[in-house]
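Chains as they are written, first to last, in my numbering: chain A, 6 to 335; chain B, 6 to 335. These notes are about the structure you will find just below.
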DNA sequence: TTGAAAGCGCTAACAG
DNA sequence: CTGTTAGCGCTTTCAA
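If you want it as structure tokens, here you go:
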């Protein structure tokens with residue numbers, strides 16, 4: 006049988022209250038009893054049951070982290086950072102991959118609430134806003150990653166997507182490209198990056214055409230497919246550059262182009278987004294926009310912990326600076 | 006305030022016992038009361054507190070997954086698969102990155118036990134065997150990934166590392182390489198892969214020299230460093246091929262070699278292990294050994310669930326077949 | 001078919 | 001300084 010606080014108390018010849026006090030480092034007591042209890046705990050290899058302590062008011066010391074896909078290098082990198090920061094605070098992370106699928110999003114949020122997580126980090130899209138409102142009403146501490154929607158009163162940490170889209174596109178424009186295709190996702194970040202794309206054209210008086218903007222879901226496979234689609238278009242001039250809204254898609258483009266004998270960057274320039282590990286291992290290296298993953302991950306858990314501590318009213322919206330990393334594809 | 010089973014019971018005009026029965030789909034009752042209760046649950050948006058149900062005997066419906074590093078593509082890929090399979094069983098996964106660090110391993114295992122996880126999946130090395138014994142004594146259902154130690158009476162799912170090392174090395178030998186360096190890790194899998202490396206030499210009557218075997222920790226950076234070290238050795242002939250025990254290290258080697266103007270595969274052949282997403286995005290593509298990640302992930306949770314259900318005695322040891330994926334680096 | 005009540009292991013007043 | 005006790009929200013036997 007599992008050893009409980011009663012077993013420890015009995016063996017140490019004290020009451021459970023006293024044991025509880027040493028576990029939680031609260032209250033005062035004779036140094037000898039404290040020592041005695043600590044010894045007994047070690048001896049019996051006692052480990053407090055967190056369920057019980059959670060039930061009686063303490064938190065669960067666990068976060069929920071919803072991401073589209075933990076096997077996407079960007080999300081696994083930031084998850085790692087979040088996990089580390091949480092670990093330092095004695096917290097643990099339940100990771101949930103949603104595939105941006107509304108049903109899974111809802112299900113996971115429900116399950117996580119049932120598990121009484123102390124806070125939620127949402128990096129999935131939630132096109133169904135209903136879930137947010139439920140969460141807000143439920144008063145669950147939460148912070149969004151990469152989803153800066155000013156309509157929602159939720160703390161948010163993200164990279165400045167508008168600026169990211171802008172500098173990626175400007176870089177291409179500066180290199181002389183006027184027919185730039187963009188591969189986006191159906192997410193808020195992508196929408197902002199698209200605005201940046203337009204803005205970069207606008208400041209140079211270059212017209213844009215929505216036919217150059219494509220949409221898909223993040224994966225190398227889809228990037229490749231999308232590339233093929235782009236090069237089959239007959240109603241637009243063939244683009245000389247492609248701005249993909251993440252590295253996975255950019256790499257799909259590179260693979261598709263390579264298969265067709267299109268040279269990169271000579272015949273086609275490519276820019277990605279995220280600066281994942283993949284961007285540095287392709288040849289040529291992928292020009293991309295980097296997000297300060299470590300800073301962002303840290304900030305996310307800091308903000309979440311503030312929320313948990315009850316500074317409920319000061320919803321924060323924090324923007325990090327994206328940075329252009331020039332490599333071989335441009 | 007959170008709505009509890011009492012609130013539901015009161016509003017539905019029944020006792021909590023009855024509500025509990027409909028939640029858990031146990032016992033019988035008049036169809037009308039069941040319907041009434043279900044309605045009330047929906048109306049009040051009631052979500053059972055899992056802590057309470059865990060406390061009173063039901064499991065926590067959560068697994069712990071210890072990996073060296075979730076941002077390593079191999080582990081994030083298998084974690085994704087494990088998460089999906091767990092999801093299908095209504096379970097959730099707490100992911101912990103240990104960096105193969107004994108202290109973190111111990112700490113995480115303790116925390117996870119405190120959280121009363123229903124089972125543990127261990128993909129970290131645990132050079133300190135003490136933790137295992139504690140776990141075994143604690144009678145925690147557990148299965149190891151990629152750590153087939155016949156000394157330990159623990160269920161295990163892994164790829165046949167010996168065979169993997171063997172076919173990787175044989176491939177190189179067949180290509181005419183006689184001076185093959187190996188970069189390993191200080192893990193059980195690596196040790197088995199080293200045996201395979203020796204065996205592949207032995208069957209061809211090619212002598213081996215332990216000076217060709219290097220050891221480090223998985224990362225691109227370390228792969229590069231290790232490569233540089235290898236090429237500074239003066240007491241051995243310079244190797245014409247390197248077998249790295251995972252893709253990260255292999256890519257480090259490629260990067261190091263490229264920087265030094267060493268051509269791949271002409272001057273140096275490279276083989277990796279894992280067939281991660283990285284192996285297909287480098288140029289030239291990385292020849293590597295693939296592990297059937299999807300099958301393995303599925304098997305792991307199947308076995309774990311069996312353990313949980315109490316088939317405690319039939320510890321399983323399951324080996325999957327590795328496969329050589331030939332790409333451009335050999 | 002339904003409900004009362006005794007836990008599950010711990011925390012936090014409150015009392016001594 | 002230490003112990004008693006009433007919950008926390010749910011499950012489960014046992015009666016009714």
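Just so you know, even glycine gets a beta-carbon here, dropped at the ideal spot from N, CA and C.
Asked	Found
Under 7 Å from the C-beta of residue 286 of chain A: neighbouring residues of chain B	256, 283, 286 and 287
Endpoints, the alpha helix (DSSP H) within which residue 338 of chain B is located	In the structure as shown, chain B begins at 6 and stops at 335. Residue 338 of chain B is therefore absent and cannot be evaluated.
Per-residue contacts from residue 76 of chain B into chain A (C-beta, under 9 Å)	78, 81, 82, 83, 84, 85, 86 and 282
CB contact flag (residue 257 of chain B, residue 227 of chain B, <8 Å)	yes
Rounded separation between residue 170 of chain B and residue 321 of chain B - CA only	23 Å
Uninterrupted beta strand (DSSP E) stretches inside the stretch 116–148 of chain B (no shorter than 3 residues)	124–127
Rounded Cβ spacing between residue 185 of chain A and residue 270 of chain A (contact assumed at less than 8 Å)	Contact flag wrong, Cβ pair sits at about 13 Å.
Secondary structure of residue 246 of chain B, DSSP reduced to three states	strand
Contact set between residue 306 of chain A and chain B, taken where Cβ atoms lie within less than 8 Å	Here the premise fails: no neighbours, minimum Cβ distance about 15 Å.
Local conformation of residue 274 of chain B per DSSP, three classes	strand
Identity of the residues DSSP links to residue 323 of chain B by a beta bridge	B:162
Collapsed DSSP secondary structure at residue 17 of chain A in the structure displayed	helix
Closer than 8 Å to chain B by CB, residue 73 of chain A	no
Alpha helix (DSSP H) segment containing residue 96 of chain B, residue limits	Note, residue 96 of chain B: premise wrong, no alpha helix (DSSP H); not H, not E.
Burial state of residue 193 of chain B, where buried means 16 or more other Cβ atoms lie within 10 Å	buried
Proximity of residue 282 of chain A and residue 53 of chain A at Cβ, strictly below 8 Å	no
Those residues which DSSP pairs with residue 219 of chain B across a bridge	B:188
Alpha carbon of residue 105 of chain A to alpha carbon of residue 130 of chain A, nearest angstrom	6 Å
Contact between the stretch 208–224 of chain B and the stretch 275–291 of chain B (3+ Cβ pairs under 8 Å)	no
Proximity test, Cβ basis, 8 Å: residue 140 of chain B and chain A	no
Status (buried if at least 16 other CB within 10 Å, exposed otherwise) for residue 251 of chain A	buried
Three-way DSSP call (helix, strand, coil) for residue 269 of chain A in this model	coil
Per-residue DSSP class, three states only, for residue 102 of chain A	strand
Residues of the stretch 38–56 of chain B whose Cβ lies closer than 9 Å to any Cβ of chain A, in chain order	50, 52, 53, 54, 55 and 56
is_contact[residue 20 of chain A, chain B] using C-beta, thresh 8 Å	no
Residue span of the alpha helix (DSSP H) that contains residue 45 of chain B, given as start and end	36–49
Under the three-state DSSP convention, the category residue 279 of chain A falls into	strand
Residue 179 of chain A in three-state terms, based on DSSP	helix
Contact under 8 Å by Cβ, residue 102 of chain A with residue 86 of chain B	no
Three CB pairs or more closer than 8 Å across the stretch 327–335 of chain A and the stretch 20–36 of chain B	no
Between the CA atoms of residue 76 of chain B and residue 80 of chain A - distance to the nearest angstrom	8 Å
CB contact check: residue 309 of chain B to chain A, cutoff 8 Å	no
Where the beta strand (DSSP E) containing residue 253 of chain B begins and where it ends	That residue, residue 253 of chain B, is in no beta strand (DSSP E); its alpha helix (DSSP H) goes 252–264.
Contact the stretch 132–146 of chain B vs the stretch 120–139 of chain A: 3+ CB pairs below 8 Å	no
Touching by the beta-carbon criterion (3+ pairs, under 8 Å), the stretch 10–19 of chain A and the stretch 59–78 of chain A	no
Start and end residues, alpha helix (DSSP H) containing residue 75 of chain B	Unbroken run through residue 75 of chain B: none, as it is neither H nor E.
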